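Novice: The sequence shown begins at 100 in our numbering and counts up by one.
Glycine residues also receive a C-beta, built at the ideal position from the N, C-alpha and C atoms.
Fair warning: this is a prediction, and the values are worked out from it, not measured in the lab.
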Amino acid sequence: MRTDLDDRAVLVTGGVSGIGLACARAFRAEGARVGVIDREPGPGVVQADVTDEPALAAAVAEVAGGFGGLDAVVGCAGISGPVGAPLAATAAADVARVLAVNVTGQFLLVKHALPWLADGGAVVLLGSDSAFTAAPGMVPYCASKGAVVAMTRALAVELPGIRVNCVCPSVVDTPMARADLGAVLDDPAFPVQAAADVARQVLFLASPASRPVNGQALLADFGMSAR
Ligand code: NAD
100 MRTDLDDRAV LVTGGVSGIG LACARAFRAE GARVGVIDRE PGPGVVQADV TDEPALAAAV
160 AEVAGGFGGL DAVVGCAGIS GPVGAPLAAT AAADVARVLA VNVTGQFLLV KHALPWLADG
220 GAVVLLGSDS AFTAAPGMVP YCASKGAVVA MTRALAVELP GIRVNCVCPS VVDTPMARAD
280 LGAVLDDPAF PVQAAADVAR QVLFLASPAS RPVNGQALLA DFGMSAR
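(1) Hey, quick one: how far does the beta strand (DSSP E) through Cys-122 stretch, first residue to last?
(2) Whole angstroms are fine: how far does the CA of Thr-203 sit from the CA of Ser-229?
(3) Measuring alpha carbon to alpha carbon, tell me which of Pro-307, Ser-324, Ala-325 and Arg-299 ends up nearest Arg-127.
(4) In terms of residues, what are the limits of the beta strand (DSSP E) holding Cys-267?
(5) Taking only heavy atoms of the ligand NAD into account, decide whether any of them is closer than 7 Å to the Cβ of Glu-139.
(6) Alpha helix (DSSP H) containing Gly-164: first to last residue?
(7) Between Leu-317, Pro-235 and Glu-257, which lies nearest to Leu-280 when the distance is taken from Cα to Cα?
(8) Can you check the region 172-258 for any alpha helix (DSSP H) of at least 4 residues that lies completely inside it and give the ranges in chain order?
(9) Is the Cβ-Cβ distance between Val-172 and Ala-123 less than 8 Å?
(10) Buried or exposed: which applies to Met-323, given that a residue is buried once 16 or more other Cβ atoms fall within 10 Å of its Cβ?
(11) Confirm the yes/no value for this check: CB of Pro-274, any heavy atom of the ligand NAD, distance under 7 Å.
(12) Which partner residues of Asp-137 appear in the DSSP bridge assignment?
(13) Which one or two residues does DSSP pair with Val-301 in a beta bridge?
(14) Does the beta-carbon of Pro-268 have 16 or more other beta-carbons within 10 angstroms, so that it is buried, or is it exposed?
(15) Taking 7 Å as the cut-off, is the CB of Asn-264 close to at least one heavy atom of the ligand NAD?
(16) Closer than 8 Å is the cut-off here; do at least three beta carbon pairs connect the region 103-120 with the region 133-142?
(17) Could you compute how far the alpha carbon of Asp-105 sits from the alpha carbon of Lys-210?
(18) Taking the alpha helix (DSSP H) that Ala-276 belongs to, which residues open and close that run?
(19) Ignore the nearest five residues each way along the sequence and tell me which others in Glu-161's own chain have a CB closer than 7 Å to its CB.
(20) Using the three-state DSSP reduction, which class does Asp-296 fall into: helix, strand or coil?
Below, the structure written as structure tokens:
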């Protein structure tokens, strides 16, 4: 696939770890100029919490201003929240925190990147198969990812000239999944994809190869939801 991303300016949130890190590497491998925002430090990373609007706005302006604009924005910053907790042990504050990072953080990213995005630019958000298929003990996370899918459609309608899509992978081998699921990831019978697999899905949605695709959720779950 030709991605035509050479010299494109790309902003990735959550690029210090997991899927965001794989996306930053994959875009660079295609010749793109990549800026990373994360709450954690890293080489060349602009540090900001995506739920802190003034800090995020300043970080976006720093990255985008340095590039003189943006061609693509990828929202990978996210948290899983209290996975495995029974509902009775799930506090309203747990729900609020997951929604703040996974939903409001994505909204704020798009809001503050918009003035910098070129006509024809692309936004790719991280959803999850948890928007479509649930597992026990993940109510806040599933709610947040359902919201990301609905927000993707709403943003696509709201923003003419900008394509907005999301990727919805099943379990991906990242530090987040390791912390939540542990050794299950090493079971050969358990379908797991690599962060680099998701990065290729993101690359497709950020590139002109997906030009007619807008407002969509790319459900990449080995067909599990089709059963
Ligand atoms: P990860 O924990 O490996 O990486 C997440 C990154 O986001 C980290 O660098 C972290 O510092 C950053 N981050 C978290 N909260 C932040 C905040 N408030 N402000 C700024 N940065 C913040 O996780 P991952 O598995 O790579 O997940 C990335 C995205 O992919 C998330 O939205 C996650 O829900 C989604 N996802 C993951 C899986 C999976 O199985 N790993 C599956 C489907 C979707």
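Specialist: Taking the definition as stated:
(1) Taking the first residue of the sequence shown as 1, we reach residue 122 at position 23. Careful: Cys-122 lies outside any beta strand (DSSP E), inside the alpha helix (DSSP H) at 117-128.
(2) Residue 229 sits at position 130 when you count from the first residue of the sequence shown. Residue 203 sits at position 104 when you count from the first residue of the sequence shown. Cα-Cα distance, rounded: 18 Å.
(3) Counted from its first residue, the sequence shown places residue 127 at position 28. For Arg-127, the closest alpha carbon among the candidates Pro-307, Ser-324, Ala-325 and Arg-299 is that of Arg-299.
(4) Here residue 267 refers to the residue found at position 168 of the sequence shown. 262-268 is the extent of the beta strand (DSSP E) around Cys-267.
(5) The residue labelled residue 139 in the question sits at position 40 within the sequence shown. Yes, the Cβ of Glu-139 comes within 7 Å of a heavy atom of the ligand NAD.
(6) The residue given as residue 164 occupies position 65 in the sequence shown. If you look at Gly-164, you'll find it in the alpha helix (DSSP H) that goes 152-166.
(7) By 1-based counting over the sequence shown, the position of residue 280 is 181. The residue from Leu-317, Pro-235 and Glu-257 with its alpha-carbon nearest to that of Leu-280 is Pro-235.
(8) Correct list: 191-198, 204-212 and 238-257.
(9) Locating residue 172 in the sequence shown gives position 73, where the first residue counts as 1. Locating residue 123 in the sequence shown gives position 24, where the first residue counts as 1. Contact flag unset, no.
(10) Reading the sequence shown from its first residue, position 224 is the one you call residue 323. Exposed, because fewer than 16 other Cβ atoms sit within 10 Å of the Cβ of Met-323.
(11) As a first step, residue 274 must be located in the sequence shown, where it is residue number 175. Yes, since a heavy atom of the ligand NAD falls inside the 7 Å radius drawn around the Cβ of Pro-274.
(12) Numbered from 1 along the sequence shown, position 38 holds the residue referred to as residue 137. Its beta-bridge partners are Gln-146.
(13) The residue you call residue 301 lines up with position 202 of the sequence shown. DSSP lists no partner for Val-301.
(14) Start at 1 with the first residue of the sequence shown, and residue 268 comes out as number 169. Burial call: buried.
(15) Taking the first residue of the sequence shown as position 1, residue 264 is located at position 165. No, the Cβ of Asn-264 stays beyond 7 Å of every heavy atom of the ligand NAD.
(16) yes
(17) In the sequence shown, counting from the first residue as 1, residue 105 sits at position 6. In the sequence shown, counting from the first residue as 1, residue 210 sits at position 111. Going from the Cα of Asp-105 to the Cα of Lys-210 covers about 25 Å.
(18) If you number the sequence shown from 1, residue 276 lands on position 177. Looking at the DSSP string, the run of the alpha helix (DSSP H) that includes Ala-276 is 274-280.
(19) Along the sequence shown, one-based indexing puts residue 161 at 62. These residues qualify, in order along the chain: Val-145.
(20) Numbered from its first residue, the sequence shown carries residue 296 at position 197. Helix at Asp-296.
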